[in-house]
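Taking it in order: structure first as structure tokens, then the write-up.
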Amino acid sequence: MTFLSPGMLMIWLCLITSPVQGHVVSDCDPAVFILLGSEASVPGWVGSSVTLPCRLSPAISAVSFEVRWYQPNGFDHPVLLYKDQHIQQQAADPRYTGTRASLVGNLENGNVSLKLENLTLADRGEYMCYVESDVWYDMAKVNVTVKVVGDIPVMSFSDADESGQVTVTCVSDGWSPEPSLYWALGNVHVPSRNHLFITGDDGLVRVSSWLLVSPSESEWVSCSVGLSDQDRRESRIAPHSHNYMQAINNVPPYHHRCRPLSCALIASWTILLFNLDSFLILL
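Counting in my numbering, the sequence shown runs from 370 upward without gaps.
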């Protein structure tokens, strides 16, 4: 169902009743304005800051207006409330008091954009931008996506079946939103639909997948998981050696949200398997 704000509804009524098509809002009624938000979701990393765009059209001054940013069912406990030409701290949701939420637009030019600092997973979702004058009001929606890079994929494989094929599995925890997962045999991408996504109580996503391969097809089987090519994390396994896995971390340090214990266990396991492989070769 399409969201139609009061301001947009007034524009349609104005254009329908106007003898000349194409009249701007101010031609219809100088007191009427509409709010323009963002149709695309606003993305941000955990711990970073994002700006939620919202502005008046026409670009009239909002200095004397009420500006309210709130989440669904949170009109009375807003993220931020600007009223009587001041930020009303006592009325705000306690999670956003202080410097967590602020107006960063030029109110005189009708820019009422909101800035959120130190993003958490709880900040994701829909926000309403609400502006009210003495004679009119309007609202716009802005959606926020909070991104978290998960753990390096952990791979394993089963014993070969009668045909000589093995089942390789890949698991990675701690993502937000759902990541993409790709398999490859050597440098050749292998399509697979055997993906399972599970969202935990903490709001983070675990992705798991499996692939049936023949050890003779390629020296390496790789599994890569990521939100984009820039934060993709990859592990490789050599089914024919039965004892080696290599983890490849392509994530910039500031995007790395791996939990310390998980990272330590993966790193230790990788080193142990590498040493075991070298020992067997010497034998």
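Just so it is clear, CB atoms sit at the ideal spot from N, CA and C, and this is done for glycine as well.
Under the three-state reduction of DSSP, Pro-463 is assigned to helix.
With three or more CB-CB distances shorter than 8 Å, the segment 571 to 581 counts as touching the segment 543 to 559. By the Cβ-count criterion, Glu-495 is exposed, with fewer than 16 other Cβ atoms from all chains shown falling within 10 Å of its own Cβ. By the Cβ test, the segment 512 to 528 is not in contact with the segment 553 to 571, since fewer than three Cβ pairs between them sit closer than 8 Å. DSSP, read as helix, strand or coil, puts Asp-507 in strand. Taking 8 Å as the cut-off, the Cβ atoms of Phe-402 and Leu-425 count as close.
Of the candidates Gln-440, Ser-433, Val-523, Ser-583, the residue whose Cα lies closest to the Cα of Lys-510 is Gln-440. Close CB contacts of Ala-428 within its chain, under the 7 Å cut and outside five residues either way in sequence, are with Asn-478, Gly-479 (chain order). Out of Trp-505, Val-582, Ala-553, Pro-560, the CA that lies nearest to the CA of Leu-404 is found in Trp-505. Arg-601 places its beta carbon 8 Å or farther from that of Trp-589. DSSP places Asn-480 within a strand segment (E or B) once states are collapsed to three.
Residue pairing for Gly-494: DSSP places it in a beta bridge opposite Val-513. Between Trp-438 and Leu-490, the C-beta gap is not smaller than 8 Å, which leaves the two residues out of contact. Proximity to Ala-460 across Gln-454, Ser-527, Asp-453, Val-448 peaks at Val-448, based on C-alpha coordinates. Cβ neighbours of Gly-406 within its own chain (closer than 7 Å, five residues either side excluded): Pro-422, Cys-423, Cys-498, Ala-509, Lys-510, Val-511. In this structure, Ser-433 and Gln-457 do not form a Cβ contact; the two beta carbons are roughly 15 Å apart against a cut-off of 8 Å.
Membership of Glu-435 in the beta strand (DSSP E) is indicated by the continuous run 435 to 439. Annotation for Leu-554: Val-582, Glu-586, Ser-587, Val-590 place their beta carbon closer than 7 Å to its own, counting only its chain and skipping 5 residues before and after. In its chain, beyond the 5 residues on either side, Val-419, Thr-420, Leu-421, Pro-422, Val-511, Asn-512, Val-513, Thr-514 have a beta carbon closer than 8 Å to the beta carbon of Val-411. DSSP, reduced to helix, strand and coil, places Asp-600 within a helical segment of the structure shown. Here Glu-531 is exposed: its Cβ has fewer than 16 other Cβ atoms, across all protein chains shown, within 10 Å.
Here Ser-593 has Tyr-551, Arg-601, Glu-603 as same chain residues with Cβ atoms under 6 Å from its own Cβ, once five neighbours each way along the sequence are excluded.
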